[in-house]
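Enquirer: Residue numbers (this note's numbering): 9 to 131.
#1: Is the beta carbon of residue 52 closer than 9 Å to that of residue 38?
#2: Check whether the Cβ atoms of residue 85 and residue 27 sit closer than 9 Å, and answer yes or no.
#3: Count the other C-beta atoms from every protein chain shown that fall within 10 angstroms of the C-beta of residue 58, then say buried if there are 16 or more, exposed otherwise.
#4: Which of the three DSSP states is assigned to residue 18 in this structure?
#5: Taking the C-alpha atoms as reference points, what is the distance between residue 69 and residue 77?
#6: Where residue 55 and residue 14 are concerned, what is the direct C-alpha to C-alpha distance, given to the nearest angstrom?
#7: Can you round the beta-carbon distance between residue 91 and residue 49 to whole angstroms, since I take them to be within the 8 Å contact cut?
#8: Looking at the structure shown, is residue 104 part of a helix, part of a strand, or coil, going by DSSP?
#9: Identify the continuous alpha helix (DSSP H) that holds residue 82 and give its terminal residues.
#10: What is the DSSP secondary structure of residue 70, reduced to helix, strand or coil?
#11: Is the beta carbon of residue 112 closer than 9 Å to that of residue 96?
#12: Just tell me which of 101, 110 and 22 has its CA closest to the CA of residue 81.
#13: Enumerate in chain order the residues of its own chain whose CB-to-CB distance from residue 121 is below 6 Å, with the five nearest sequence positions on each side excluded.
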């Protein structure tokens, strides 16, 4: 696997940072729709997985600067695995084992379907 150095790195880092800010702003904006936190988590993570599927299929070179900006930056800023972990832990702490299991399975299932769909759209 090639490594990014010098001028390439000088372009990639700001692009990933800008992508991350864009993704985080998108997550915040989606959170402002007034949905429950669980719905917001499902929406941002599903959208992020779909976009990541498109990006990875369209730009197969792992260290392509645009792939890094969109995949690591935008999708990384938009999605939130840690938010899902907190949601699941809170449900478990409240004794809602069934809800936690349902949310976990639904999140993983929708994420995988969205990723595969994005990849198929890009092919």
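Each residue gets a CB set at the ideal place from its N, CA and C atoms; glycine is no exception.
Expert: The structure says:
#1: yes
#2: yes
#3: buried
#4: helix
#5: 13 Å
#6: 33 Å
#7: 5 Å
#8: coil
#9: Neither: residue 82 is in no alpha helix (DSSP H) and is coded neither H nor E.
#10: coil
#11: yes
#12: 22
#13: none
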